[in-house]
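Residues in the sequence shown are numbered consecutively from 56, following the numbering used here. C-beta atoms are modelled at their ideal positions from N, C-alpha and C, and glycine is treated no differently. Report on the following structure.
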Amino acid sequence: MAVKGSFVYGVVFSIFLSPSVLHLSNSELIYSVPEELERGSVVGNIAADLGLEGKKLSARNARLNTEGNTVPFVEIDQKSGSLVVSEIVDREELCGSKLSCALKYELILEKPLEVHRITVQIQDINDNAPHFSADRIKLEIRESASKGTRFLLGEAHDADVGTNTVQKYSLENNDHFSLRVNTNTDGGKYSELVLEKELDREQQQELALLLTATDNGTPQRSGTVIIDITVLDANDNVPVFSQPIYKVSLPENCPSGTVVVTVSATDADEGVNGEVTYEFSRLPDKIARLFSLDKVSGEIKVTGQIDYEEESVYELRIQAKDGLGLASNVKVVVEITDMNDNAPTITVQSLSNSIQENTASGTEVGIINVRDKDERGNQEVHCIIPPNVPFELNPSIKNFYTIITKGPLDRELVENYNITITATDGGTPPLSSSKTIYFSISDVNDNPPVFQEQSYSTYVRENNKPGTSICSVKAQDPDFRQNGTVFYDIFPGEVNGVPISSYVSINGDTGVIHSVKSFDHEQFRSFRLQVLARDSGSPPLSSNVTVHIFITDENDNSPQILYPAPEDKSFMTEVVPKAVLSGSLVSKVIAVDADSGQNAWLSYQIVKSTDPGLFTIGVHSGEIRAQRDISESDSTKQNLIISVKDNGNPPLSTTCTVFLIISDDLADVPELKDMPYEQSNSNLTSYLIIALVSVTTLFTSFIILIFALRYCRRGKPRPIFDGAVAIPSGYFPPNYGELDGLGTLRSSCNYDTYLTTGSRTSDFKFVRSYNENTMLASHTLGRSPNDPVEGNELSSGVTEVSLEVGYVLSLK
């Protein structure tokens, strides 16, 4: 039963059948239990006495702190909330002869922090019988002793206290002596032998009496001693001490053999009657192990370890006895002075080993308790923590400190802390102790992935195999485990109107980008995509990076001849005047290559001709020139098979046939009559008229374009044509744009070109060109704004055609 209140009045009985709670005063629970209780015995229900549920004790991490008790004699049963005995308590060993024997504890509850004092009073049971310091008491009494003379018999010692200690003495029946029981100043009872009838040494020289000491416990216990009396002549003086009480101060931890004090008693008798000896009287065994007494000199020395924290005052009773048995007693009070011999102790009461890095400043993460067993100034403790850590100590209740966070925590900078707490007392010299505690900083997803590069550029050859690895992106996330695990993805987008996922994919774990399909340099030169890196935190964090993919060219396109047109589309024959001299330009082969770079560098070669030594072709220009002067013996009809080859690896080539007629007039060439033609003369004439109108329109458009370009470029025009051969725009493929030219078609002589052969009625004839209107070959037309260009590459390897303008047209 627990009684709460500031004051409680009542009677506490000495019969202890079960533990009980006396009262709860000022947040203090006081329980009273008998000694020698078995382990597991219930002292009281703390939960009920504090008005708490039993389960809440465990949730609040309830525990006991001892105050100076080296052995925790009681503990808390977390399930029931009861205070139970954990070690058997021997009151005599614990408290000696003290009337009050109490164990003091502190009950600590967390969340919130509460401290309650608990006092367990240990009640004495009658488990010790009285006993005398010796088996026999020897007395020598002179026969001259008068009736009523008293002889001190000493005091029986009983380790119990209160009514359980010695309460009475009894003496067996005899004819000469009676027993008188007295009480000394500290409540102890001792006996005196009173002479009731004078002794007659001649009748009886020795007597043996049985003395019994009895306590008042339940059950009652007793002890006996035999009194041996020798009848002597008279000894009428007892020893007298020099002081009525001896008080001495003794520092703790003094070495063994240190002299505490020397007691002195004198006897007025002479001889044997005046010889005084000393001995301890009624001394507990625990104290007897700490001090020794010289029987002759009365010198008291230290023989054991003196510890102020165990006992601060010792009371020693000394008996002085003369040679014939007369004795007197004196008390020696030894006060132990405290020395600073105990360093502070640091006890961790609660600790959060793992702390999240986003924990707010000022959060409580631990509780420590600091104690010092010394007294007064030696007990004053100052506790510090290193200044270079994000934690600090906050003094709390009594000797408790809370550890709180100070400033932000960042696991990416410091993953854990080993913090040494140092406690120093106020003694001289000061003593200190330290304790290292460990804090682990747990990760929070506070860092997004960071790519190693601000942007990525990679090159991939066209015609690649699907699934080819293009490049790899890498992002780092300094967070831990899943917060630092990075996955990759590609942002949705389009390339030329097609979803980007149709071209590339990415390995979500490794960041390796693979092609989904084969690329074509001629379709697009480059594209870019956005790669997303996302961690696995909650919520996830992400970042992105741009990846530029450039498609490099391969030589996968053969040259395409623009002029002369393929034979299956039209049939063209050029007329070369007979007066052509060596080195004169007679025609030009114009070809393009859809590839770029060196794959579009074209070279020309005559692989077969009617007269191998008559004509030659420019390797890079495609210009066909007379290698020598034309003679009358040369064949009128010349066929040249031209091979156009690019500079790729391996190179690709194509061939064309150039038909040349050596004549000053078509009418003089009868062979033309046999040349094949596809349509009738009338139809051909109509076509020629249409072609004439088209050429005229084209000519007019070009003249307007030239003036417009000159005006726009402020005197820096770019030529459209340079040469003697007019190439219709219809010869250029639809996807080709004009680039800076490699060669020009330039002529220093006049020659005729026929659009077709086999005409019997009329022909259109292009007469000589005007060289003074020829533009420089280095001046070319600029790129159209609509040309698709990615990076710094050109659209295609198309050779610009520069043709001279200004022709005279005649009809035969």
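Is the Cβ-Cβ distance between residue i and residue j less than 9 Å?
i    : j    : result
T392 : P306 : yes
T402 : I440 : no
L264 : L248 : yes
E261 : T285 : yes
V586 : G522 : no
L174 : Y224 : Residue identity check: residue 174 is Thr in the sequence provided, not Leu. No, the pair does not count as a contact, with Cβ atoms beyond the cut-off.
S319 : S297 : yes
Y160 : T121 : yes
I679 : K633 : no
Excluding sequence positions up to five away, which residues of its chain have a Cβ less than 6 Å from the Cβ of residue i?
i    : result
S527 : G566, V567
I300 : K386
F542 : G563, R589
L154 : V216
N271 : T218, Q222
D362 : E307
L92  : V140
D429 : D393, N395, N397
E83  : R172
F187 : A211, V280
I101 : G136, L138
V602 : Y511, L584, V586
Report all residues from its chain with a CB closer than 7 Å to the CB of residue i; omit the five preceding and five following residues, and keep chain order.
i    : result
V444 : Y472, I474
V139 : G95, S96, V97, V98, V129, E130, D132
E251 : K202, H231, F232, S233
V327 : G378, L379
I759 : none
Under the assumption that residue i contacts residue j (Cβ atoms under 8 Å), give the Cβ distance between them as a whole number of angstroms.
i    : j    : result
T460 : V420 : 6 Å
E629 : R516 : About 41 Å; that fails the 8 Å criterion.
L617 : I645 : 5 Å
S598 : F535 : With a Cβ gap of about 18 Å, S598 and F535 do not count as contacting.
N538 : S495 : Between S495 and N538 the Cβ distance is about 15 Å, and since that is not below 8 Å, they are no contact.
S698 : S688 : So it is not a contact: roughly 27 Å between Cβ atoms.
E195 : G432 : So it is not a contact: roughly 55 Å between Cβ atoms.
L254 : E325 : So it is not a contact: roughly 21 Å between Cβ atoms.
S557 : K520 : Rounded, the Cβ-Cβ distance is 16 Å, inconsistent with contact.
L207 : A375 : With a Cβ gap of about 11 Å, L207 and A375 do not count as contacting.
Starting from the C-beta of residue i, find all residues in its chain whose C-beta is less than 8 Å away, skip the five residues before and the five after it, and write them out in chain order.
i    : result
I342 : G151, Y369, L371
R683 : S637, G668, L669
P614 : A646, V647, D648, L657, V699, K700, D701, L707, S708, T709
E470 : S495, I496
I452 : L168, V170
P595 : N500, R589
S407 : V420, G421, F494
Have a look at the options and flag the residue whose alpha-carbon is nearest the alpha-carbon of residue i.
i    : options                : result
G652 : E577, S598, V586       : E577
A114 : P167, T121, I373       : P167
E165 : K153, T174, V175, L119 : L119
S569 : L287, I604, D270, E147 : Position check: residue 569 holds His in this sequence, whereas Ser was assumed. Minimum Cα distance to H569 is reached at I604.
N704 : V750, T665, T691, W656 : W656
V293 : Q176, T269, T321, D480 : T321
D190 : P533, I282, H675       : I282
P399 : V559, S487, G109       : S487
T691 : S591, I717, V699       : I717
Y514 : I606, P554, L584       : I606
D532 : P504, K520, N328       : P504
D611 : K110, D650, D666, L584 : D650
V631 : S557, F582, V713, P595 : V713
T220 : E325, K663, L226, K244 : K244
S352 : F346, P484, V331, E364 : V331
Q176 : L149, P185, V295       : L149
Q868 : N237, L287, G242, V236 : The displayed coordinates of the chain run from 56 to 867. Any statement about residue 868 would go beyond what the structure contains.
Is the CB of residue i under 9 Å away from at least one CB in chain C?
i    : result
L234 : Here there is only one protein chain, and chain C is not present.
Heavy atom of the ligand SAM less than 8 Å from the Cβ of residue i, yes or no?
i    : result
S651 : Absence of the ligand SAM is noted for the structure shown, with no ligands found whatsoever.
Touch check for the stretch 416-425 and the stretch 451-468: three-plus C-beta pairs under 8 Å?
yes
Would the stretch 546-555 and the stretch 632-645 be scored as touching if the rule is three or more Cβ pairs under 8 Å?
no
Report yes or no: do three or more beta-carbon pairs, one from the stretch 270-278 and one from the stretch 168-187, lie closer than 8 Å?
yes
Meets three-Cβ-pair contact criterion under 8 Å: the stretch 354-364 and the stretch 310-323:
yes
At least 3 beta-carbon pairs within less than 8 Å: the stretch 195-215 vs the stretch 328-344
yes
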